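Student: Below is one structure. I have some questions about it.
In my numbering, the protein residues as written are 45 to 256.
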């Protein structure tokens, strides 16, 4: 049976940080965190969460850090994430795709961790409103091609251990701020003069373990 905690924190109005990692949680409902209006940091890593309600985090309008790594999430579509989030970690789940609604409203997010999933596809405008995003971790996924647009303020992008066959040059805008790009251990076999045309501020580039 589900490990139920709905409503048990409702009176803890001054709670800033809640750590529920390493438990047996399987789902989060719209009642689980009701009343935690001052919560800043929420840690839910290492559970067995398969489902998030569309309003799971609805009342957490001061939440800045949400860690859901090492769970069993297959989809995070239309989750109603708080717009106050600065750090979001979905690493080590079972996500296979990201669509244009996934991060709706996350416009102040600066770090997004999505490593160790099975992500095969990222839609074109998935990151469209994320103008504050500076760090994006997509290592250890199943990406073969990238057609999305990365935000121009992105500084560090980790795409190592995927199955990319080419540099995703068209994903970057002409005024990209990217300074670190890891494409290690992909299947890149050729480069051309446009591969890095939009990432002129790069200071660190890792292409080790490819097929060049």
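Virtual Cβ for every residue (Gly too), placed ideally from N, Cα, C. Note that the structure is a prediction, hence the values are computed from the model and not measured.
1) Going by DSSP, what residues sit across from residue 181 in a beta bridge?
2) What is the rounded straight-line gap between the Cα of residue 230 and the Cα of residue 255?
3) Under the three-state reduction of DSSP, which class applies to residue 113: helix, strand or coil?
4) Give the range of the beta strand (DSSP E) segment to which residue 85 is assigned.
5) May I have the straight-line CA-CA distance separating residue 75 from residue 59, to the nearest angstrom?
6) For a test of the three-state rule: what should DSSP assign to residue 71, helix, strand or coil?
7) If residue 142 and residue 166 are in contact, beta carbons under 8 angstroms, what's the gap, nearest whole angstrom?
8) Please report the distance separating the alpha-carbon of residue 233 from that of residue 212.
9) Can you give the Cα-Cα distance for residue 174 and residue 73, rounded to whole angstroms?
10) Quick check on residue 62: does DSSP put it in helix, strand or coil?
Tutor: Put simply:
1) Within the chain shown, the letter at position 137 stands for residue 181. BP columns for residue 181 point to 157 and 202.
2) Walking along the chain shown from the start, residue 230 turns up at place 186. Walking along the chain shown from the start, residue 255 turns up at place 211. Each residue's alpha carbon lies about 8 angstroms from the other.
3) On the chain shown, position 69 is the one that residue 113 refers to. Correct three-state label for residue 113: coil.
4) Taking the chain shown and counting its residues from 1, the one referred to as residue 85 is at position 41. Note, residue 85: beta strand (DSSP E), 85 to 87.
5) Translated into positions along the chain shown, residue 75 becomes position 31. Translated into positions along the chain shown, residue 59 becomes position 15. When rounded, the distance between both Cα atoms is 16 angstroms.
6) Your numbering for residue 71 matches position 27 in the chain shown. Residue 71: strand per DSSP, three-state reduction.
7) To locate residue 142, count along the chain shown from 1; it is residue 98. To locate residue 166, count along the chain shown from 1; it is residue 122. Yes, they are in contact, since the Cβ atoms of residue 142 and residue 166 sit about 5 angstroms apart, within 8 angstroms.
8) As a position in the chain shown, residue 233 is number 189, starting the count at 1. As a position in the chain shown, residue 212 is number 168, starting the count at 1. So the alpha carbons of these two residues sit roughly 13 angstroms apart.
9) Sequence index remark: in the chain shown, residue 174 carries index 130 (1-based). Sequence index remark: in the chain shown, residue 73 carries index 29 (1-based). Approximately 26 angstroms, taken between the alpha carbons.
10) Here residue 62 refers to the residue found at position 18 of the chain shown. Strand at residue 62.
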